[in-house]
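S.K.: Below you will find the structure I want to go over with you.
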Amino acid sequence: MPRIAAALLLLALLAPAAPADAARRDLTYKLAQDKLETLSFEVEHVVTTTFERMPPEAEPYDVEGLESSIASVKVQVAGSLERVVGRVFRDSSLGLVTRVVGLAGTVDRGQGAEAIAFDGLEGKSVSMRVLDSGELLASSGWQHLAGAGRGGDLVEPVLLQSILRLPFTVPEGEGLIPGSFRVRVPVDPLLNLDQTWTLQYGAGEVPKGCRRCVAISYSGTVTEAAEDQHPARPMKRAGEATVSGTILLSGKRGQLLEHAFSVAWTRNVTSHRENDTVRGAIAQTQTITGRIVAGDGQ
Amino acid sequence: MTLRLVLLALVLWAPSAFAQGPAGDPRDNLDHPGTPTDRYLDAGELRDVLHLANDSFYGCYRKHVRGTKEAGEVAVRFTVQRDGTVTDGVAEMDGAPESLGPCLVDVVEGLTFDPHDGDPVVVSYPLVYQVDRKGARVLPYPVVFTKPRAVRLPLLFLPPDISPGEVRMLERVLVDPEGTPER
Chain A
77 MPRIAAALLL LALLAPAAPA DAARRDLTYK LAQDKLETLS FEVEHVVTTT FERMPPEAEP
137 YDVEGLESSI ASVKVQVAGS LERVVGRVFR DSSLGLVTRV VGLAGTVDRG QGAEAIAFDG
197 LEGKSVSMRV LDSGELLASS GWQHLAGAGR GGDLVEPVLL QSILRLPFTV PEGEGLIPGS
257 FRVRVPVDPL LNLDQTWTLQ YGAGEVPKGC RRCVAISYSG TVTEAAEDQH PARPMKRAGE
317 ATVSGTILLS GKRGQLLEHA FSVAWTRNVT SHRENDTVRG AIAQTQTITG RIVAGDGQ
Chain B
977 MTLRLVLLAL VLWAPSAFAQ GPAGDPRDNL DHPGTPTDRY LDAGELRDVL HLANDSFYGC
1037 YRKHVRGTKE AGEVAVRFTV QRDGTVTDGV AEMDGAPESL GPCLVDVVEG LTFDPHDGDP
1097 VVVSYPLVYQ VDRKGARVLP YPVVFTKPRA VRLPLLFLPP DISPGEVRML ERVLVDPEGT
1157 PER
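Residue numbers (my numbering), protein chains in the order written: chain A, 77 to 374; chain B, 977 to 1159.
This is the structure in structure tokens:
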């Protein structure tokens, strides 16, 4: 009998862990695998920029004029995400293609809001390999959105928040469920944005009339570290953020109905010389307030 | 009995342990050429379509370069639009008969690529015409040349309406080793 027990124990140890985890999880996204899902969004970015240290190379330029023109920027963007499950991988993770469409917005650099065109951003997509818990396993396509003048950093938080990691179970009462995870955004082979999210999930308020809906509120911190190893742009960025939001699902294994979120970043960006000494330093704060709603937002 | 159970456990466990894992195959990468989750054109996808058109390219050579061993250095340049159609076809001829150019342009402008989400892709593809004991043929060139868009200052949040001049100034100040103004 002890031998049989030992053998069964060995079998249990050798059994793969993932299916057991999956069985315990009772809160997941339901991602439609046979149709296009539309989510509308609106997001506002309020950004301040301070040139903390400029190198001698800046002397011939009107850097003060440039600094004042980007010192305080407010951008509002509205549009839609169209997403579809393009592939189911062998580990049951899903290859999600999310496209940003119907973009419209304004920018205010202190001179009043002006409409902006998003020609370079309209229709661009990001592919994300995710588990139905929202765990981001891999992603690609960010280089087509990233970079100055492209506007990708306006929609990057929306794309990531559209599939934010869920807790294992639905929080109840006053109880909080801790969660910590890492998110990697590979901009190109020489640049990854690595974020560590530390959250506390709690029960959210379900709107009246939303039957079987589940609301999860969360708050916490995000830290970020990125080093650009491209020889034409040797820069580093370190940042910290406070984050909060509420996710509304149609059920425990439900579709995303709404996600309201707020992220407040403090970032230090430095550029470096070949000997790795700091060349220029810029401090930025960025407050992002957004809302993603299922359907056309009506 | 125990030994049998252990052996059974090993038999059950071994295939999953030694088989290629879920992410162990390049085809499982999101951006692997041709994977349905990748919505951008890769050089490999461009090359595959061009290789399929190899007989048509050879048809042009057979018609316009017949009897000539030296067909010069030829490349076709074209743009793949987001819907997969080809525009702006140009044949870059160096020593080849001029009548060959329009024929090659007709071939590339008749090609259709997969629709994609990226910017229009400018492609350059060399054509290698070879005549030897095996006969005349166009060799499928293994490389397709595309020019990727430069990602500029991706770690800085900059207003979406920032002018190219302002971006260039920031690059010169922050990262350009030659950061002195043009006079």
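We put the CB at the ideal spot given by N, CA and C, even for glycine.
None of these values were measured; they are calculated from a predicted model.
#1: In the DSSP assignment, find the unbroken beta strand (DSSP E) run with I1138 (chain B) in it and report its ends.
#2: Considering only residues of the stretch 191-256 of chain A, which uninterrupted beta strand (DSSP E) runs meet the minimum length of 3 residues and lie entirely inside it, listed in chain order?
#3: Is the distance from the Cβ of G1043 (chain B) to the Cβ of D1070 (chain B) below 8 Å?
#4: Nearest chain B C-beta to H335 (chain A) closer than 8 Å, yes or no?
#5: Under the rule that 16 or more other beta-carbon atoms within 10 Å means buried, what is K200 (chain A), buried or exposed?
#6: Is the beta carbon of V1149 (chain B) less than 8 Å from the beta carbon of T1122 (chain B)?
#7: On a CA-only basis, which of A:V263, A:G188 and A:Q276 is nearest I253 (chain A)? Give me that one, please.
#8: Whole-angstrom Cβ separation of G196 (chain A) and P247 (chain A), contact assumed at under 8 Å?
#9: Exposed or buried, what is Q362 (chain A) when buried is set at 16 or more other beta-carbons lying within 10 Å of its beta-carbon?
#10: Quick one: complete alpha helix (DSSP H) runs, 4+ long, within the stretch 1058-1108 of chain B?
#11: What are the boundary residues of the beta strand (DSSP E) that includes K312 (chain A)?
#12: Is H335 (chain A) helix, strand or coil by DSSP?
#13: Taking buried to mean at least 16 other C-beta atoms within 10 Å of its own C-beta, is G186 (chain A) buried or exposed?
#14: Can you tell which of A:A154, A:A180 and A:R226 has its C-alpha closest to the C-alpha of L1132 (chain B)?
#15: Beta carbon of V119 (chain A), beta carbon of V234 (chain A): below 8 Å?
#16: To the nearest angstrom, report how far apart V151 (chain A) and G356 (chain A) are at their CA atoms.
#17: Report yes or no: is there a C-beta of chain A within less than 8 Å of the C-beta of M1145 (chain B)?
#18: Y294 (chain A): which of A:L242, A:P262, A:V282 and A:N268 sits nearest, CA to CA?
#19: Listed in chain order, which residues of the stretch 1107-1135 of chain B have Cβ atoms closer than 9 Å to some Cβ of chain A?
#20: Taking all protein chains shown into account, do 16 or more other C-beta atoms lie within 10 angstroms of the C-beta of R1159 (chain B), making it buried, or fewer, making it exposed?
#21: From T1055 (chain B) to V1083 (chain B), what distance separates their C-alpha atoms?
#22: Are any of the Cβ atoms in chain A nearer than 8 Å to that of G1010 (chain B)?
#23: Exposed or buried, what is L103 (chain A) when buried is set at 16 or more other beta-carbons lying within 10 Å of its beta-carbon?
M.R.: From the atom records:
#1: First-last for I1138 (chain B): undefined, no H or E at that position.
#2: Scanning the stretch 191-256 of chain A for uninterrupted beta strand (DSSP E) segments of 3 residues or longer gives 201-206 and 212-216, listed from N- to C-terminal end.
#3: Going by C-beta atoms, G1043 (chain B) is not nearer than 8 Å to D1070 (chain B).
#4: It does not: the Cβ of H335 (chain A) has no partner Cβ on chain B nearer than 8 Å.
#5: In the assembly as shown, K200 (chain A) is a buried residue. Its beta-carbon has 16 or more other beta-carbons within 10 Å.
#6: The answer is no: Cβ separation not under 8 Å.
#7: Among A:V263, A:G188 and A:Q276, the Cα nearest to that of I253 (chain A) belongs to A:Q276.
#8: Actually they are not in contact, since the Cβ atoms of G196 (chain A) and P247 (chain A) sit about 40 Å apart, beyond 8 Å.
#9: Result: buried.
#10: Runs of the alpha helix (DSSP H) inside the stretch 1058-1108 of chain B: 1076-1085.
#11: M311 to L325 is the extent of the beta strand (DSSP E) around K312 (chain A).
#12: Looking at H335 (chain A) - three-state DSSP - the assignment turns out to be strand.
#13: When all chains shown are included, G186 (chain A) counts as exposed.
#14: Nearest C-alpha to L1132 (chain B): A:R226.
#15: Judged by beta-carbon spacing, V234 (chain A) lies within the 8 Å limit of V119 (chain A), meaning their Cβ atoms are closer than that value.
#16: When rounded, the distance between both Cα atoms is 25 Å.
#17: It does; some Cβ of chain A falls within 8 Å.
#18: Minimum Cα distance to Y294 (chain A) is reached at A:L242.
#19: From the stretch 1107-1135 of chain B, only P1124, R1125, A1126, V1127, R1128, L1129, P1130, L1131, L1132, F1133, L1134 and P1135 have a Cβ closer than 9 Å to chain A.
#20: A caution first: R1159 (chain B) carries a pLDDT of 41, below 50, which makes its placement in the model unreliable, though a value can still be read off. Per the 10 Å Cβ criterion, exposed.
#21: One C-alpha to the other measures close to 13 Å.
#22: Chain A contact via Cβ: absent.
#23: It is buried - the Cβ of L103 (chain A) has at least 16 other Cβ atoms within 10 Å.
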